[in-house]
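Colleague: Going by our numbering, the letters in the sequence shown line up with residues 1187 to 1259, in that order. Each residue gets a CB set at the ideal place from its N, CA and C atoms; glycine is no exception. Just so we're clear, the structure is a prediction, and the values are computed from it rather than from any experiment. Sharing a structure below in structure tokens format, with a few things to ask.
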Amino acid sequence: ATAVTLYHAAEALRIVGTLLHPVMPERCGELLRRLGAAPEPARFAESLAWGGLTPGAPVCTGEPLFPRFDPLD
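In structure tokens, the structure reads:
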């Protein structure tokens, strides 16, 4: 059950990254790369279909994509 939940979360992130890629290409490209998806979707509509990630594929980690928000700054 945990593996299925993590797959669905990663798949949702992949779709969000694809949708936001036109306005944040560098960050979303990095997100997609870490998920093992194409960093620049060739066919936008087709890349939104559920099931674009290979189940069980490794996810790369790295530095945070966005800095932590500090309300005191």
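Would DSSP call VAL1245 helix, strand or coil?
Modeller: In the sequence shown, the residue the question calls residue 1245 occupies position 59. Correct three-state label for VAL1245: coil.
Colleague: Please report the straight-line C-alpha distance between ALA1231 and LEU1218, rounded to a whole angstrom.
Modeller: Residue numbering aside, residue 1231 sits at position 45 when the sequence shown is read from its first letter. Residue numbering aside, residue 1218 sits at position 32 when the sequence shown is read from its first letter. C-alpha separation (whole angstroms): 16 Å.
Colleague: Roughly how many angstroms separate the alpha carbons of ALA1187 and VAL1245, rounded to a whole number?
Modeller: Indexing the sequence shown from 1 puts residue 1187 at position 1. Indexing the sequence shown from 1 puts residue 1245 at position 59. Taken atom to atom, the span from the alpha-carbon of ALA1187 to that of VAL1245 is near 18 Å.
Colleague: What are the start and end residues of the alpha helix (DSSP H) that includes HIS1194?
Modeller: For the purposes of this step, residue 1194 is taken as residue 8 along the sequence shown, with counting starting at 1. Taken as a continuous stretch (DSSP letters only), the alpha helix (DSSP H) holding HIS1194 covers 1188-1206.
Colleague: Over what stretch of residues does the alpha helix (DSSP H) that includes LEU1258 continue unbroken?
Modeller: Taking the first residue of the sequence shown as 1, we reach residue 1258 at position 72. Here LEU1258 belongs to no alpha helix (DSSP H), and DSSP marks it neither H nor E.
Colleague: Got a sec? Which residues, its chain only, sit under 7 Å from GLY1234 by beta carbon, not counting five neighbours each side?
Modeller: Position 48 of the sequence shown, counted from the start, is the residue given in the question as residue 1234. Here residue 1234 is Leu; the residue named in the question, Gly, does not match the sequence. Take LEU1234, set aside five residues on each side of it, and the residues of its chain with a beta-carbon closer than 7 Å to its own are ILE1201 and THR1204, in chain order.
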